[in-house]
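Q: So the numbering used here is basically just the index in the sequence shown, starting at one, shifted up by 44.
Cβ atoms here follow ideal geometry from the backbone N, Cα and C, with glycine treated the same way.
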Amino acid sequence: MAGADTQAGLARRQVLGRIALGAVLPALGGLATPLQAAELDTEGPGERETSAALLRQMFPHGALTPAFYDEMAGRYLEELAARPDALAEHRRGLALLDASYIAPFAQLPAVIQRALVARVDQEPFFTAYLMRGAELVYRDARVWDELGYEGSSVEYGGYLDRGFDDIDWLPGAGEMQ
45 MAGADTQAGL
55 ARRQVLGRIA
65 LGAVLPALGG
75 LATPLQAAEL
85 DTEGPGERET
95 SAALLRQMFP
105 HGALTPAFYD
115 EMAGRYLEEL
125 AARPDALAEH
135 RRGLALLDAS
145 YIAPFAQLPA
155 VIQRALVARV
165 DQEPFFTAYL
175 MRGAELVYRD
185 ARVWDELGYE
195 GSSVEYGGYL
205 DRGFDDIDWL
215 PGAGEMQ
């Protein structure tokens, strides 16, 4: 009986500790003066790291490695290099994420990253990255196995010739009552 009381006490303490942490973290942010995005220089090694961490928050798949997200972020940044206005907007958005007062976005725990993403998910840079990021991630054949996607069927005669014609779970004509 004493063990059950101890476990209940620990559970209550854990819940109260999490509530306290949730109340304190936003207050800590108020102690620092927020930097404007224009004051931050995200150009350099942190830019790719922050882009990769954001991509992982957008498309979280446990089987995908940090190196995969880094590669996809690198591709996106290479594409943006040809479009200075889009690159500047992306950098502005990354600066918003990195201005968290605690640490750079990529070094924060996932739960805090999600909260920061929720604050910028209506920004133009985010929408552009979300759309292009989805294409970069889900067009990569390495992701297909994890999702159970077998690839295109056009070159193999369509889906009916690839095992999708086995609908034996449907009742036949006249069998429905």
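1) Can you list, in chain order, the residues of its chain whose CB lies under 6 Å from that of G202, leaving out five sequence neighbours each side?
2) Could you check the C-alpha separation between A159 and S144 for me, to the nearest Å?
3) Counting beta carbon pairs with one atom in the stretch 133-140 and one in the stretch 162-176, are three or more of them shorter than 8 Å?
4) Where do the ends of the alpha helix (DSSP H) carrying T171 lie?
5) What distance in whole Å lies between the Cβ atoms of M116 and G177, which are believed to be in contact at a cut-off of 8 Å?
6) Excluding the 5 residues preceding and the 5 following A130 in the sequence, name in chain order all residues of the same chain whose CB lies nearer than 8 Å to its CB.
7) In whole angstroms, what separates the C-alpha of A147 from that of S197?
8) So, at 8 Å on beta carbons, what are the nonlocal neighbours of P215 in its own chain, with the 5 sequence-adjacent residues on each side left out?
9) Compute the Euclidean distance between the alpha carbons of L174 and L121, then round it to the nearest angstrom.
10) Roughly how many angstroms lie between the CA atoms of M102 and A162, to the nearest whole one?
11) Which word fits R186, buried or exposed, when buried means at least 16 other C-beta atoms lie within 10 angstroms of its C-beta?
12) With distances taken between CB atoms, is the gap from V181 to L98 smaller than 9 Å?
13) Helix, strand or coil for T94, going by three-state DSSP, please let me know.
14) Whose C-alpha, out of A126, D114 and E194, is nearest the C-alpha of A150?
15) Nearest to A154 by alpha carbon, out of E91, G106, G90 and R92?
16) Label R127 either buried or exposed according to how many other C-beta atoms from any shown protein chain fall within 10 Å of its C-beta, with 16 as the threshold for buried.
17) Which residue marks the beginning of the alpha helix (DSSP H) containing A111, and which one marks its end?
A: Based on what the coordinates show:
1) none
2) 11 Å
3) yes
4) P168 to Y182
5) 7 Å
6) L124 and A172
7) 46 Å
8) none
9) 13 Å
10) 11 Å
11) exposed
12) no
13) helix
14) D114
15) G106
16) exposed
17) P110 to L124
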